[in-house]
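Chains as they are written, first to last, in my numbering: chain A, 1 to 283; chain B, 284 to 566; chain C, 567 to 849; chain D, 850 to 1132. Remarks on the structure that follows.
So this is what it looks like as structure tokens:
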């Protein structure tokens, strides 16, 4: 079933829900899901409504014009998405394949509503996998001297392929501010720790040193502050004194996969809103 | 802050949300929380709205008269609750004290918005505890021959005390259909297994026999079909071959407490709706 | 590092550990891991010891002869395994690919110490996947009339390929007693429920009907009593009223994968002992 | 049943287990539980053995003399404990009662093998609770000017009462180095975050600011580096954008209780060994 999805954040005011519901009703919307959240401390309102387009008599071209007066009167940030528009995704990977494989399989199994248009890697070991899933594979070895140039070419290819979302599936390069600026809130990374614990490189080694009893993974949007972007999802699993660093690395793969794939799915289903460097997830 | 809470279930129809939101807006409601659920397969709609009474200009006496026309036109089951009305609770316990203590402490800590009016037990060992928390303690030894008579007296006392909710905190007696009929969807029990596994008596022994790797607890509304009422909450924890029956019993206390206390809180906060012997939890 | 692994169960008696430790020490064993379990109620003792073969001066041919006197005096069931002997595995699958893909990827990532020799299926949709991983794929459409004959051919191929372990990765056919008898405690299945809840077919439908708040998966050894074999591992995840049957099926794939892959790894690492239709897992 | 418990850490060497097992066997020990751990990277060996004293013909006075030669030859750190010696515990609390109540109830229910000799608090609100459980309550208001003097009196009372373990049950004062030095590895604290995330004061506020999706609690031994002592246990629970700081505080109480009570139980059952600022837990 094709659906429309309206995402709104604005100052919380009386009559908001009535106005939105009335607007959709007037145009024949059959609402399938509606979630809202009020943060009473900061006085903010967040909403996600999904409705069937079957019987909805407001086409895409007209939506904005019709809705804009309401939006303006409530000072809304808003956007409308259509389930028929499958976002175009580029996955960036390095040597580790587990997150990439997981995303490719979930996509094939129908769990991720998107097109996976490109796989970009600074290694060539995932080439056969890309071929198996019939996805273009771009191999860009990166080093200190060619990094800016490689990013130029990557940005060019992302633009050419009209990429909507970049997923860093254990991609081991730090993106430049210029790159990040091109895809604000549209780059999702997985960090292999329970952030904000163990930021930076080699978090499993740091976790081992500290002797923690749980290890975790965190998926988040990428900002220019490394490991500081809005957190989307986190998961942990139990470890013990028996686990050496290599065990943490192996076990950690399962939580990395879980935290990343859920984040990607929620993004693709337009379930994520933002405020104050945090996320609201309407799952 | 005092709030009103409107709970609705009805056939799903266009315009429902608009009508409800419009109604509340007209009367000055400042909505704090709103949750809805559509079950598209059975065509049902469920909603919970909570709003501040501050500025709401429809008093209790008038609400029903004003809302009834909308309710009728959409064939709603509905009720309105007020946070100021603290439900009156009776806790039934037997020998085991852990669930009872947990509820009493959570109540004292402000987690459970209710009055705990009575503790009823077929043992007298919790008497000092009741005294410490200054709650009436009714000790009714039950046996095969006096069971009907005891239930009569209990029902009498529940009525006298205008009890809204009966919580069976590991109460080891089966209530008669007559008793259950007096408090439909107002008796919450905790069963010490992950239902529907290990119904009936001695579930930890059965779990040990079967060699399961997780044990659980289930809180549910009591119906006349033992262990078959609508499930409210379930939780599990990991066990191993090292755990004997006594370890299962000890460890299980933690999940029993967790499953029961969440169920009681959700009930008291009017977060639970029903259909098809199942619950909708707006947590 | 190559290791030897000694697995023992026997009546619990004083001096057991001293005798075993003394035996290994005399032959130069450098013990890497040792786990033991006493079940005091039934008076049983279980042990798994793993030691480095580096410096161990008792070769395979001589081990049994040297250890047998000790074993006999303590009435041990025992076996010795060598990490160098990679078990040969056949995976049986049907339409669903998620468990199969997960096992293949974990194998490739080095998580499963075995050879995956064969993939057997009553459907042909996993053929390309088998080809990608360069594993023989045997497609045997099964129906009521050819079932016995197909099992004959399967058993023949398993024997030819000297298969040590059969993994049913959501294989949707029930194996005959004759088949099961050929691989006692060497067939691992994953059932898509938290057993013993929802045995039989369509457990997600049954879980949906009952309105449970957690769904689970159970990996177990296959016996002739359907869904009644010794449980190896179980896992659950939280669901809510929002989840339709299709959501349960999708979410359940993650716990099925987890429960099955852990069971397979523990079996391959010789971490599982048995008693009373239950497992002891030395993880 | 009365038991002896032997705890050992030493460099890993061949023949260790054989020597220990042989020693216990010779003196008639019936081993109930034995756990060992090798850390192959640092070449360390850890062991906990528990045996029935029934039939064991080596009395307390003689144990050390008999075992010392073995201990010396393997350079062991070791100690022997007896289940009959119930450790004497002092619980320090401040305003929050939830951890204190939980420990008191678990003690009463038989989960904690100890005497709770004292409750020390810088507030007097837990006085009735202490009275209910018949435990001495020492109320010491602390401020900047009297802190050293109060610690003097507390240390005096701990000594007088021969306290073996100090449990900080959400005690909100930082102990001085002098105090900590008196009870090395015998002061257990619970920090209300998943350490090393959110060290310091107000971790729930910090977690809320950062927008994490899980909150946690960590129990650890107290050292002079605040929040840096060896971690004993950690637990987490899921939160969402709906949770305000007050919700985090309320929900967090459940994980604080769980992490602290498990740590205390493991300590009392002599299940914890140390190395490199980390713990080995033989649970």
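Idealized CB from N, CA, C, for every residue including glycine. Please read these numbers as outputs of a predicted model, since none were measured by experiment.
- Taken in chain order, the complete alpha helix (DSSP H) segments of 4 or more residues contained in the region 14 to 90 of chain A are 16 to 26, 60 to 73.
- According to DSSP, residue pairing for residue 499 of chain B in a beta bridge involves B:519.
- Neighbourhood of residue 599 of chain C in chain D, by CB distance below 9 Å: 885, 886, 887, in chain order.
- If you check the CB distance, residue 157 of chain A and residue 118 of chain A come in under 8 Å.
- Taken through DSSP and simplified to helix, strand or coil, residue 378 of chain B comes out as coil.
- Per the coordinates, the alpha-carbon of residue 873 of chain D lies some 43 Å from the alpha-carbon of residue 1002 of chain D.
- Residue range 985 to 988 is occupied by the beta strand (DSSP E) that includes residue 987 of chain D.
- The beta carbons of residue 826 of chain C and residue 665 of chain C sit closer together than 8 Å.
- By the neighbour-count criterion, in which 16 or more other beta carbons inside 10 Å mark a residue as buried, residue 852 of chain D falls on the buried side.
- Residue pairing by DSSP places residue 147 of chain A opposite no residue, since no beta bridge is assigned to it.
- The CB of residue 552 of chain B never comes closer than 7 Å to any CB in chain C; the least such distance is about 16 Å.
- For residue 208 of chain A, the enclosing alpha helix (DSSP H) has its first and last residue at 203 to 210.
- Straight through space, the alpha carbons of residue 1058 of chain D and residue 279 of chain A are spaced by roughly 11 Å.
- Of all alpha-carbon atoms in D:1085, D:955, D:1114, D:1004, the one lying nearest the alpha-carbon of residue 1102 of chain D is that of D:1085.
- Within chain C, 587, 597, 600 have C-beta atoms less than 7 Å from the C-beta of residue 866 of chain D, given in sequence order.
- Residue 1123 of chain D: member of the beta strand (DSSP E) spanning 1121 to 1124, first to last residue.
- Interface with chain C (8 Å Cβ-Cβ cutoff): residue 324 of chain B is included.
- Around the C-beta of residue 300 of chain B, 16 or more other C-beta atoms lie within 10 Å, and the residue is accordingly described as buried.
- In the same chain as residue 661 of chain C, and ignoring 5 residues on each side of it, the C-beta atoms closer than 7 Å to its own belong to 689, 691, in chain order.
- Note that the region 42 to 59 of chain A touches the region 5 to 20 of chain A; at least 3 beta-carbon pairs, one per stretch, sit closer than 8 Å.
- Closest in alpha carbon position to residue 823 of chain C, among A:50, A:195, A:105, is A:105.
- Distance from the Cα of residue 621 of chain C is smallest, within the candidate group C:813, C:593, C:800, for C:593.
- Inclusion of residue 645 of chain C and residue 848 of chain C in the CB contact set at 8 Å is not warranted, their separation being larger than that value.
- The bridge partners DSSP lists for residue 950 of chain D come to none.
- Taking 7 Å as the Cβ-Cβ cut-off, the region 1055 to 1070 of chain D approaches chain A at 1059, 1060, 1061, 1062, 1063, given in chain order.
- Near chain B, meaning a CB-to-CB distance below 8 Å, no residue of the region 910 to 932 of chain D qualifies.
- It is roughly 8 Å from the alpha-carbon of residue 790 of chain C to the alpha-carbon of residue 747 of chain C.
- In the structure shown, the three-state DSSP call for residue 853 of chain D is strand.
- Below the 9 Å Cβ cutoff, chain C contributes 675, 676, 677 as neighbours of residue 250 of chain A, in chain order.
- If you draw a straight line from the Cα of residue 9 of chain A to the Cα of residue 228 of chain A, it is about 22 Å long.
- A Cβ-Cβ distance of about 6 Å is found for the pair residue 1070 of chain D and residue 1037 of chain D, placing them in contact under the 8 Å criterion.
- Scanning chain A for C-beta atoms nearer than 7 Å to the C-beta of residue 698 of chain C yields 132, reported in chain order.
- For residue 731 of chain C, the enclosing beta strand (DSSP E) begins and ends at 731 to 735.
- The C-beta distance from residue 729 of chain C to residue 656 of chain C rounds to 5 Å, short enough to fall under 8 Å.
- With 16 or more neighbouring CB atoms inside 10 Å of its own CB, residue 191 of chain A falls in the buried class.
- Comparing alpha-carbon positions, the option among C:695, C:639, C:733 lying closest to residue 586 of chain C turns out to be C:639.
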